[in-house]
Amino acid sequence: MTTAAPAGRRVRRLRPETRWAYIFMVPWLVGLLVFQLGPMIASLALSFADYDLISAPRFTGLDNYARMLEDDKVARAVGNTALYTALHVPLAVVLALVLALVLNRITGRAAGAFRTIFYLPSMTPYVAVGVLFLFLLNGQAGMVNDFLALFGISGPQWTTDPDWILPGIVLMSLWNLGSTTIILFAALRNVPRELAEAAMIDGAGPWQRFRSVTLPMISSALFFVVIINTITSLQMFDQVYTMFFGNQIAQQSSGDAALFYVVYLFQQAFQFLHMGYASALAWLLFLVIAVITLIQVKVGNRLVYYEAEEHAG
1 MTTAAPAGRR VRRLRPETRW AYIFMVPWLV GLLVFQLGPM IASLALSFAD YDLISAPRFT
61 GLDNYARMLE DDKVARAVGN TALYTALHVP LAVVLALVLA LVLNRITGRA AGAFRTIFYL
121 PSMTPYVAVG VLFLFLLNGQ AGMVNDFLAL FGISGPQWTT DPDWILPGIV LMSLWNLGST
181 TIILFAALRN VPRELAEAAM IDGAGPWQRF RSVTLPMISS ALFFVVIINT ITSLQMFDQV
241 YTMFFGNQIA QQSSGDAALF YVVYLFQQAF QFLHMGYASA LAWLLFLVIA VITLIQVKVG
301 NRLVYYEAEE HAG
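Shown next, in the form of structure tokens:
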């Protein structure tokens, strides 16, 4: 005869698959603690200190954050980054949507090839993209100005004229639209055909069908790519640093026109060894991205159509 174990001694046994799931999660948890959460906590502590990697950190309170208010380069970097984001995100989303619509109309054996071609630019390393566009945007011998010359347009000095450096960077950033295009293409493929056919029977034209049927059905995907592109734009670094800060001559010719926030953060950390100040800059960027994302989520929830909620209602 068996007796039940006392309540205080009961041990809940895990099922084998659950135990293995925890075992496989251990490397990820270690990586999260050692390479993400640990450095984040350390940088938060360093943001309240003066640290140059040589001497021991010295606690300075809020001095690093107060310094940002007086640093003219921070204001310039924030302005450049904000303007770039305001230009890049709408252009990238609209152009990616146009490319996705084109892909959606291509059928047959050529469909797979075109999808691959549209996505391939996203596989190019950012440093290589920066070097490529350094030549393409050359004011004297660049292919972009050569193309404009075919229409009788005299192209600007994209890499040396302070008024045209930021538009040139925006133009360069449109190279990597593959991921956004594929996400929107997948959303378009999930739009029920019967909805468009019903709208056509009711007499709706192409634009009316796109506005009243297609856009609402892909609004969740649009909302997602807007958030992702906004976060990516606010952290713009690789291409800009390669083009304008990789050598002294390019840096002097561009001045502060190409000074983005993360570029300035990188300079403070690894060029001037102001690790405490760089940590404060990093945490300010983190808070700004978090606030902007929360605002986008609040606004987006009112505009995005969720089919599951419609069925539940």
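Number 41 in the UniProt record's numbering belongs to position 41 of the sequence shown; there are no gaps in the numbering. Where a beta carbon is used, it is the ideal one built from N, C-alpha and C, also for glycine. Since the structure is predicted, the reported quantities are computational estimates derived from the model, not experimental observations.
| Check | Outcome |
| --- | --- |
| Could you spell out where the alpha helix (DSSP H) holding Val-34 opens and where it closes? | Neither: Val-34 is in no alpha helix (DSSP H) and is coded neither H nor E. |
| Out of Ala-257, Ile-289, Ile-201 and Leu-184, which has the shortest C-alpha to C-alpha gap to Ile-231? | Ile-289 |
| Buried or exposed: where does Asn-64 fall if 16 or more other Cβ atoms within 10 Å of its Cβ makes it buried? | buried |
| Fully enclosed by the segment 20 to 89, which alpha helix (DSSP H) runs are 4 residues long or longer? | 38 to 46 and 63 to 70 |
| Thinking Gln-260 and Asn-145 are a contact (beta carbons under 8 Å), I'd like their distance in whole angstroms, please. | According to the sequence provided, residue 260 is Phe. The question's Gln does not apply to it. Between Asn-145 and Phe-260 the Cβ distance is about 24 Å, and since that is not below 8 Å, they are no contact. |
| Look at the alpha carbon of Gln-208 and the alpha carbon of Ile-218, and state the distance between them as a whole number of angstroms. | 15 Å |
| Give a yes or no on whether the C-beta atoms belonging to Pro-121 and Gly-178 are separated by under 8 Å. | yes |
| May I have the straight-line CA-CA distance separating Thr-180 from Phe-59, to the nearest angstrom? | 44 Å |
| Threshold first: 4 residues or longer. Then list the alpha helix (DSSP H) segments lying entirely within the segment 211 to 295, N to C. | 215 to 234, 238 to 244, 248 to 254 and 261 to 266 |
| Would you call the segment 228 to 244 and the segment 119 to 136 touching, i.e. three or more CB-CB distances under 8 Å? | yes |
| Just to confirm, is the Cβ distance from Ala-92 to Leu-174 under 8 Å? | yes |
| In this structure, how does DSSP classify Gln-208 when only helix, strand and coil are distinguished? | helix |
| Assuming Phe-118 contacts Leu-95 (C-beta within less than 8 Å), just tell me the rounded distance between them. | Going by Cβ atoms, the distance from Phe-118 to Leu-95 rounds to 11 Å, so no, they are not a contact pair. |
| Can you tell me whether DSSP reads Arg-302 as helix, strand or coil? | helix |
| Are the CB atoms of Arg-15 and Asp-256 within a distance shorter than 8 Å? | no |
| Return the residue from the list Phe-210, Trp-283 and Leu-303 that minimises the CA-CA distance to Val-226. | Leu-303 |
| If you reduce the DSSP assignment to three classes, tell me which class Arg-15 lands in. | coil |
| So the alpha helix (DSSP H) Val-144 belongs to, where does it begin and stop? | 143 to 149 |
| Report the rounded CA-to-CA distance for Asp-238 versus Leu-188, giving the unit in angstroms. | 31 Å |
| Which of the three DSSP states is assigned to Asp-202 in this structure? | coil |
| How would you label Ala-221, buried or exposed, when you count the other beta carbons within 10 angstroms and need 16 or more for buried? | buried |
| How far does the alpha helix (DSSP H) with Asp-163 in it extend, from its first residue to its last? | 162 to 173 |
| So, helix, strand or coil for Pro-156, using DSSP? | coil |
| Just to confirm, is the Cβ distance from Gly-142 to Leu-150 under 8 Å? | no |
| From which residue to which residue does the alpha helix (DSSP H) around Gly-130 run? | 126 to 136 |
| I'd like the list of long-range same chain contacts for Ser-279, defined as Cβ closer than 6 Å, with 5 residues on each side in sequence excluded. | Ser-43, Leu-46 and Ser-47 |
| Could you pull out every residue in the same chain whose Cβ sits closer than 6 Å to the Cβ of Ala-258, ignoring the five residues on either side in sequence? | Ile-165, Val-240 and Phe-244 |
| Decide if Leu-184 is buried, meaning its Cβ has at least 16 other Cβ atoms within 10 Å, or exposed. | buried |
| By alpha-carbon positions, which one of Ala-86, Met-172 and Val-262 ends up nearest to Phe-286? | Val-262 |
| Name the two residues that bound the continuous alpha helix (DSSP H) containing Arg-109. | Where Arg-109 is concerned, there is no enclosing alpha helix (DSSP H), given that its DSSP letter is neither H nor E. |
| How many whole angstroms separate the CB atoms of Val-89 and Ser-212, which I take to be in contact at a CB cut-off of 8 Å? | Wrong, their Cβ atoms sit about 24 Å apart, outside the cutoff. |
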